[in-house]
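In this text, residue positions in the sequence shown follow our numbering: the first is 515, and each later residue adds one. For every residue, glycine included, the Cβ atom is placed at its ideal position computed from N, Cα and C. Here the structure is a predicted model, which is why all the values come from computation and not from measurement. Inspection log for the structure reproduced underneath, given as structure tokens.
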Amino acid sequence: MTTLPPPATRWRPRLASGGPRYLALVDAIAEGVANGQLHRGDRLPTQRQLARMLDLNLATVTRGIAEAERRGLVQAQQGRGTFVAE
Numbered sequence: 515m516t517t518l519p520p521p522a523t524r525w526r527p528r529l530a531s532g533g534p535r536y537l538a539l540v541d542a543i544a545e546g547v548a549n550g551q552l553h554r555g556d557r558l559p560t561q562r563q564l565a566r567m568l569d570l571n572l573a574t575v576t577r578g579i580a581e582a583e584r585r586g587l588v589q590a591q592q593g594r595g596t597f598v599a600e
């Protein structure tokens, strides 16, 4: 059994105000990659953890992660977590 890396702890997303919250999450992921807080292969906190951290509902986080995956920012692996795209 392989051990998963811990979630990226240096990443503290800040959501921009205004506009859809799920898109603000996508922007926060992109910003984390751009400013070096997130690196390729980093595991993101779980969607439930992100929802608690950002005071969002789980459906909003799920939609944001799906959009980030569609844009090629992250790769979600069922049962393993969500990782910054290689």
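- The DSSP-derived three-state label of Q561 is helix.
- With respect to the 8 Å criterion, V588 and V575 are not classified as neighbours on the basis of their beta carbons.
- Counting along the chain, the unbroken beta strand (DSSP E) around A590 starts and ends at V588 to Q591.
- Assigned with DSSP and collapsed to three states, G533 falls in coil, not helix or strand.
- Note: G595 is bridge-paired with Q591 in the DSSP secondary-structure output.
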